[in-house]
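In case it helps, our numbering puts the sequence shown at residues -17 to 410. Glycine is no exception: its CB is placed at the ideal position from the N, C-alpha and C atoms.
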Amino acid sequence: MIYKRSSALFAEAQKVIPGGVNSPVRAFKAVGGDPIFVEKAKGAYLYDVDGNKLIDYINSWGPMILGHAHKPVVDAVIEKAQKGTSFGMPTQIETEIAALAVSMVPNIDKIRFVNSGTEACMSAVRLARGYTGKDKIIKFAGCYHGHSDSFLIQAGSGAVTFGTPNSPGVTKGTAKDTLLARYNDIENVAALIAENKNEIACIIIEPVAGNMGCIPPAEGFLEALRKLCDAHNILLIFDEVMTGFRLAKGGAQELFNVAADIVTFGKVIGGGLPVGAFAARSEIMNHLAPLGPVYQAGTLSGNPLAMAAGLAMLKELNENPGIFESLAAKTEYLHKGMDAVFSETEIPYTINRVGSMISIHFSETSVTDFDTAALANNDSFKTFFHGLLEEGVYIAPSAFETWFLCESLTYDDLDATIEACRKVSKNM
Ligand code: PMP
-17 MIYKRSSALF
-7 AEAQKVIPGG
3 VNSPVRAFKA
13 VGGDPIFVEK
23 AKGAYLYDVD
33 GNKLIDYINS
43 WGPMILGHAH
53 KPVVDAVIEK
63 AQKGTSFGMP
73 TQIETEIAAL
83 AVSMVPNIDK
93 IRFVNSGTEA
103 CMSAVRLARG
113 YTGKDKIIKF
123 AGCYHGHSDS
133 FLIQAGSGAV
143 TFGTPNSPGV
153 TKGTAKDTLL
163 ARYNDIENVA
173 ALIAENKNEI
183 ACIIIEPVAG
193 NMGCIPPAEG
203 FLEALRKLCD
213 AHNILLIFDE
223 VMTGFRLAKG
233 GAQELFNVAA
243 DIVTFGKVIG
253 GGLPVGAFAA
263 RSEIMNHLAP
273 LGPVYQAGTL
283 SGNPLAMAAG
293 LAMLKELNEN
303 PGIFESLAAK
313 TEYLHKGMDA
323 VFSETEIPYT
333 INRVGSMISI
343 HFSETSVTDF
353 DTAALANNDS
363 FKTFFHGLLE
373 EGVYIAPSAF
383 ETWFLCESLT
393 YDDLDATIEA
403 CRKVSKNM
């Protein structure tokens, strides 16, 4: 495929934007080469500025669960835009989407909308600290909760792809309040709690990790976290920025039947517009300003275009819950197809999958946490990534990311992807 125009645009972008991108993973640094500039997208396909058509397995890193430029979402945004794009005043649609989200997700009474997943997680932690009166938090190595200071301690996603798991600019004072645990290791969490008795406000976790590739929670792990939190007066925060409204109507809480105290959202909840949210029982949410003392705000929060896109998206998911089964079936089909391809080769690999999240690590061992994810062979991943791109299949440009499937993908697309894997595997 030819990417001449993309490369030219990237050269221009680098003159005026750091690294040529507004979010690091887009730059292809982990896989080499120049990033692809998009012209437009429809359904499961991306169309780039060089005229290439690609099957998209990123889907804007998750939001486009029903495919790109989904008509009800686009129509809702256009209709709203004609009435004004922002007021900084209350609008009815904010209550409509809040009520719908609260009805779909277990264990939440109230929800506050923000503009990104980062804001949602940052605010959730502040709320947990304000509610419990404690300072420390536990996060898991390889989990990414956005780029706010407290979370850039062995974070996943771009933070690890670029080898800066502990970013300069995060003060020692901030870092000391973030305790690091190993994903899927409950003894490790219990030991941290014992060493920091009565000091831990919350445990924040991706209930299915998606920022070190896809890593499912081990059987019983989330339940055990819930028990530890109950025993030690610690709030359990599920970061459902990826999993919310994707794994089930009620997200990972519903799928695993484990209750969180605070849940954060992003991606699907905004239908592709900049939206995040955090939610909890009233008892916790009532600590937020203006009701309570924990401050949190946003000029563009609850923006009408963003709410219109999000509402159109959630309505469709709510009215057609079969979508989640359909997505999971497509993802299982892809998994089986890729298994059939790679099991015939000598290439070591592990495929992890939950619902419509899937990833492949070229690894000798199973991948259950950050350490085992980091053992995978990145050179094999690079070859795989560029090989797929040549075949018209676009996956995340880093092994430390999950793929997200969308409902517009057809079984022909999946067969084409499996066939592309077969071709690429011959050169690996
Ligand atoms: N939490 C998780 C689990 C995420 O995957 C991400 C982003 N990929 C974030 C938080 C941060 O969201 P945003 O990029 O919208 O700030």
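DSSP state of residue i mapped onto helix, strand, coil
{"i": "E21", "result": "strand"}
{"i": "R335", "result": "strand"}
{"i": "N285", "result": "coil"}
{"i": "I329", "result": "coil"}
{"i": "D30", "result": "strand"}
{"i": "N359", "result": "coil"}
{"i": "I175", "result": "helix"}
{"i": "E307", "result": "helix"}
{"i": "N166", "result": "coil"}
{"i": "N239", "result": "coil"}
{"i": "H368", "result": "helix"}
{"i": "H214", "result": "coil"}
{"i": "V3", "result": "coil"}
{"i": "M71", "result": "coil"}
{"i": "R228", "result": "coil"}
{"i": "D395", "result": "helix"}
{"i": "V84", "result": "helix"}
{"i": "Y(-15)", "result": "coil"}
{"i": "S98", "result": "coil"}
{"i": "A12", "result": "coil"}
{"i": "T77", "result": "helix"}
{"i": "T153", "result": "coil"}
{"i": "T313", "result": "helix"}
{"i": "E346", "result": "coil"}
Any non-hydrogen atom of the ligand PMP closer than 6 Å to residue i Cβ
{"i": "Y165", "result": "no"}
{"i": "T100", "result": "yes"}
{"i": "H127", "result": "yes"}
{"i": "D221", "result": "yes"}
{"i": "M267", "result": "no"}
{"i": "G124", "result": "no"}
{"i": "E188", "result": "yes"}
{"i": "M194", "result": "no"}
{"i": "M289", "result": "no"}
{"i": "M417", "result": "The displayed coordinates of the chain run from -17 to 410. Any statement about residue 417 would go beyond what the structure contains."}
Rounded C-alpha distance that separates residue i from residue j
{"i": "M320", "j": "G337", "result": "16 Å"}
{"i": "C211", "j": "N178", "result": "13 Å"}
{"i": "G145", "j": "G15", "result": "In this predicted model, G145 has a pLDDT of only 49, less than 50, meaning its place in the structure is not dependable; the value taken from the coordinates is given anyway. Rounded to whole angstroms, G145 to G15 spans 18 Å at the Cα level."}
{"i": "G99", "j": "S345", "result": "30 Å"}
{"i": "F366", "j": "A381", "result": "10 Å"}
{"i": "K35", "j": "A176", "result": "54 Å"}
{"i": "N89", "j": "I(-16)", "result": "50 Å"}
{"i": "E205", "j": "V240", "result": "6 Å"}
{"i": "K(-14)", "j": "F(-8)", "result": "10 Å"}
{"i": "L282", "j": "D361", "result": "42 Å"}
{"i": "W385", "j": "T225", "result": "12 Å"}
{"i": "L396", "j": "E78", "result": "36 Å"}
{"i": "H343", "j": "P256", "result": "30 Å"}
{"i": "G124", "j": "I(-1)", "result": "27 Å"}
{"i": "Y39", "j": "L229", "result": "16 Å"}
{"i": "V152", "j": "L134", "result": "7 Å"}
{"i": "A163", "j": "M267", "result": "27 Å"}
{"i": "R404", "j": "E383", "result": "21 Å"}
{"i": "G369", "j": "A23", "result": "21 Å"}
{"i": "N285", "j": "A279", "result": "13 Å"}
{"i": "V13", "j": "Q(-4)", "result": "18 Å"}
For residue i: DSSP bridge partner residues
{"i": "A261", "result": "I93 and V245"}
{"i": "I219", "result": "I186 and I244"}
{"i": "S341", "result": "N334"}
{"i": "D38", "result": "Y376"}
{"i": "T160", "result": "I119"}
{"i": "V276", "result": "L270"}
{"i": "W385", "result": "I340"}
{"i": "N409", "result": "In the DSSP output, where bridge partners are listed per residue, N409 has none listed."}
{"i": "H127", "result": "Partner(s): none; H127 has no beta bridge."}
{"i": "I197", "result": "A191"}
{"i": "I251", "result": "BP columns for I251 are empty, so no partner."}
{"i": "H50", "result": "G25"}
{"i": "I135", "result": "N148"}
Near the ligand SAH: residue i beta-carbon under 6 Å from a heavy atom
{"i": "G248", "result": "With respect to the ligand SAH, the structure shown offers nothing to examine, as its ligands consist of the ligand PMP."}
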